[in-house]
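Participant: Take a look at this one; I'll ask things after.
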Amino acid sequence: MTRVPAEVEDLINDLKSSLPELLSSALVGLYLYGSLPQNAFNPKTSDVDCIAVTRRSLSDAQFKKLGKWLNARARVNPWFARLQMTILAKDTLLRENPGDSLYQFGVLTRSGSDGNPIIWINILKSGVVLYGPDPKSFVPPITKDILFKALEREVGYLREEIIDNPNSEWRDVPYYRVYAVLTLCRILYSFRKGSIVSKKRAATWAIRNLPEKWHKLVLQALAGDQQALSTNTSLSRIGKFIDFVDKQLHYSGD
11 MTRVPAEVED LINDLKSSLP ELLSSALVGL YLYGSLPQNA FNPKTSDVDC
61 IAVTRRSLSD AQFKKLGKWL NARARVNPWF ARLQMTILAK DTLLRENPGD
111 SLYQFGVLTR SGSDGNPIIW INILKSGVVL YGPDPKSFVP PITKDILFKA
161 LEREVGYLRE EIIDNPNSEW RDVPYYRVYA VLTLCRILYS FRKGSIVSKK
211 RAATWAIRNL PEKWHKLVLQ ALAGDQQALS TNTSLSRIGK FIDFVDKQLH
261 YSGD
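Using this note's numbering, you'd call the opening residue of the sequence shown number 11 and step up by one each time.
Pasting the structure below:
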């Protein structure tokens with residue numbers, strides 16, 4: 011992994027040592043993924059992404075116990091506010107499930123999973139096992155059709171937040187526009203290549219492979235991501251990029 015701040019190392023070590031004790035036999039495994047193991051971590055903008063796999067959805071008592079511990083650790087280590095940890099029941103992987111949990115923005119909530127295989131492709135390729143067995147031993151097969159449907163959903167999520175929902179809390183957040191453009195690059199890369207890479211690598215690929223009219227948009231997003239800058243990219247321009255990526259996903263070549 012790339013070099014990270016000491017507080018991030020402390021956070022990871024906290025998770026490795028404490029979650030097996032907190033959840034005991036309910037915990038199957040704990041897996042780090044995203045920018046850290048992909049050597050794309052940027053202390054200014056990156057989150058710490060991980061998944062905890064449990065034998066079943068957390069009970070109310072387990073949920074309360076975990077939330078209390080996370081709140082206590084967040085008071086000591088501010089990087090817990092940048093932790094995004096999904097808790098998934100083992101028998102519901104790759105399936106929509108209303109009973110999972112999510113720790114994000116410093117809050118643990120009951121939050122259903124959409125069965126996103128993109129994360130598991132990421133984990134299987136470059137993830138780090140913090141606790142438990144190799145995920146290859148229990149993650150169901152991820153077919154091209156499963157991946158395609160997930161990429162479709164991701165485009166739909168971005169369209170909803172950027173274009174369709176005027177009351178979205180994200181559409182007017184400048185950095186979300188950076189995120190949206192880079193995520194669209196990664197969606198298209200995954201569609202073409204069948205694998206998952208960092209947003210930075212996908213954006214670099216996009217500049218080399220997409221029509222020139224998109225280069226400025228992608229370069230602007232890359233600069234904003236690296237320096238944690240706001241961008242003045244218009245919603246309409248991002249909307250056109252969403253349309254372009256959507257058409258690429260559904261282009262038959264006929």
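Note that the Cβ used here is the ideal one computed from N, Cα and C, for glycine as well.
As the structure is a prediction and not an experimental result, all values here were calculated from the model.
1) Are D59 and G77 close, meaning C-beta to C-beta below 8 Å?
2) Can at least three beta-carbon pairs, one atom from the region 59 to 71 and one from the region 157 to 176, be found at a separation below 8 Å?
3) Mind checking which residues open and close the alpha helix (DSSP H) that includes T214?
4) Run through DSSP, which three-state label would S200 get?
5) Find the nearest neighbour of R211 within the set P221, Y199, G204 and L220, judged by alpha-carbon distance.
6) How many Å lie between R163 and V188 at the Cα?
7) Going straight from the alpha carbon of K203 to that of Q48, what length do you get?
8) For N219, does the count of other Cβ atoms within 10 angstroms reach 16, so buried, or fall short, so exposed?
9) Just tell me which of I129, L42, N175 and S178 has its CA closest to the CA of S205.
10) Could I get the ranges of all uninterrupted beta strand (DSSP E) runs contained in the region 22 to 80, with 3 residues as the minimum, in chain order?
11) Are there 16 or more other CB atoms within 10 angstroms of the CB of G263, so buried, or fewer, so exposed?
12) At the level of alpha carbons, what is the spacing between I172 and G249?
13) DSSP three-state call for G263: helix, strand or coil?
14) Tell me V255's beta-bridge partners as DSSP assigns them.
15) On the premise that Y113 lies in contact with K134, defined as a C-beta separation below 8 Å, what is that separation, rounded to the nearest angstrom?
Facilitator: According to the structure data:
1) For this step, residue 59 is matched to residue 49 along the sequence shown. For this step, residue 77 is matched to residue 67 along the sequence shown. It is not a contact, given that the beta carbons lie outside the stated cut-off.
2) These segments do not touch.
3) Residue mapping note: residue 214 aligns to position 204 of the sequence shown, counting from 1. Looking at the DSSP string, the run of the alpha helix (DSSP H) that includes T214 is K209 to N219.
4) Here residue 200 refers to the residue found at position 190 when the sequence shown is read from its first residue. Shown here, S200 sits in a helix according to DSSP, grouped into three states.
5) Counting from 1 along the sequence shown, the entry for residue 211 is found at position 201. For R211, the closest alpha carbon among the candidates P221, Y199, G204 and L220 is that of Y199.
6) As a first step, residue 163 is located in the sequence shown; it is residue number 153 there, counting from the start. As a first step, residue 188 is located in the sequence shown; it is residue number 178 there, counting from the start. Looking at the two C-alpha atoms, the distance is approximately 19 Å.
7) Here residue 203 refers to the residue found at position 193 when the sequence shown is read from its first residue. Here residue 48 refers to the residue found at position 38 when the sequence shown is read from its first residue. Between the alpha carbons of K203 and Q48 lies a distance of about 17 Å.
8) Mapped onto the sequence shown, residue 219 falls at position 209. Result: exposed.
9) For the purposes of this step, residue 205 is identified with residue 195 of the sequence shown, where counting begins at 1. When each option's Cα is compared against that of S205, the closest is I129.
10) Listed in chain order, they are 37 to 43 and 58 to 64.
11) As a position in the sequence shown, residue 263 is number 253, starting the count at 1. In this predicted model, G263 has a pLDDT of only 49, less than 50, meaning its place in the structure is not dependable enough to derive any value.
12) Here residue 172 is taken as the residue at index 162 of the sequence shown, counted from 1. Here residue 249 is taken as the residue at index 239 of the sequence shown, counted from 1. Rounded to the nearest angstrom, the two C-alpha atoms are 7 Å apart.
13) Counted from its first residue, the sequence shown places residue 263 at position 253. Low confidence applies here, because G263 scores a pLDDT of 49, under 50, leaving its location unreliable and the question unanswered by this model.
14) Your numbering for residue 255 matches position 245 in the sequence shown. According to DSSP, V255 bridges with nothing at all.
15) As a first step, residue 134 must be located in the sequence shown, where it is residue number 124. As a first step, residue 113 must be located in the sequence shown, where it is residue number 103. As written in the sequence, residue 134 is Leu, which differs from the Lys given in the question. Incorrect: roughly 22 Å between the Cβ atoms, too far for contact.
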